[in-house]
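**Student:** One structure is given below, represented as structure tokens, and several questions about it will come after.
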Amino acid sequence: MDFNLSKEQRDIVLAAREFAQGEFPDRAAEFDRNETFDLELWKTACELGFVGVFIDEKYGGAGLGFLEHCLIT
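Our numbering numbers the first residue of the sequence shown as 2 and each following residue consecutively.
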């Protein structure tokens with residue numbers, strides 16, 4: 002059994018990491034302190050395909066599995 006990530010999965014990890022490192026370091030503490038969240042940041046995550054990845058494509062998701070969801074989170 003091969004437990005290595007596929008190229009698509011590795012690409013997902015890299016994209017999610019780039020997004021998180023670019024958006025969260027300076028703002029995460031502020032979000033926690035103020036108990037807030039930036040809706041524009043959520044919209045960007047949606048546009049990048051990081052939200053609803055395990056939802057079937059016919060319902061607007063990416064149609065991927067829970068592993069891909071876990072790789073993003």
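No residue lacks a Cβ here, since even glycine has one placed at the ideal position from N, Cα and C.
For Ala17, does the count of other Cβ atoms within 10 angstroms reach 16, so buried, or fall short, so exposed?
**Tutor:** As a working mapping, residue 17 is identified with position 16 in the sequence shown. With 16 or more Cβ atoms within 10 Å of its Cβ, Ala17 is classed as buried.
**Student:** Go to Asp12, then tell me how far its alpha helix (DSSP H) extends in each direction, as first and last residue.
**Tutor:** For this step, residue 12 is matched to residue 11 along the sequence shown. Segment Lys8 to Glu24, the alpha helix (DSSP H) holding Asp12.
**Student:** Classify Glu69: buried if its beta carbon has 16 or more other beta carbons within 10 angstroms, exposed otherwise.
**Tutor:** Locating residue 69 in the sequence shown gives position 68, where the first residue counts as 1. Buried, by the Cβ-count rule.
**Student:** Taking buried to mean at least 16 other C-beta atoms within 10 Å of its own C-beta, is Phe51 buried or exposed?
**Tutor:** On the sequence shown, residue 51 is found 50 positions in, with the first residue counted as 1. Counting Cβ neighbours within 10 Å, Phe51 comes out buried, since at least 16 surround it.
**Student:** My guess is that Val54 and Gly61 are in contact by the Cβ rule of under 8 Å, so how many angstroms apart are they, rounded?
**Tutor:** To locate residue 54, count along the sequence shown from 1; it is residue 53. To locate residue 61, count along the sequence shown from 1; it is residue 60. The pair is not a contact, with the Cβ atoms about 11 Å apart (cut-off 8 Å).
**Student:** Rounded to a whole number of angstroms, what is the C-alpha to C-alpha distance between Arg34 and Arg28?
**Tutor:** Numbered from 1 along the sequence shown, position 33 holds the residue referred to as residue 34. Numbered from 1 along the sequence shown, position 27 holds the residue referred to as residue 28. For Arg34 and Arg28, the distance between alpha carbons rounds to 10 Å.
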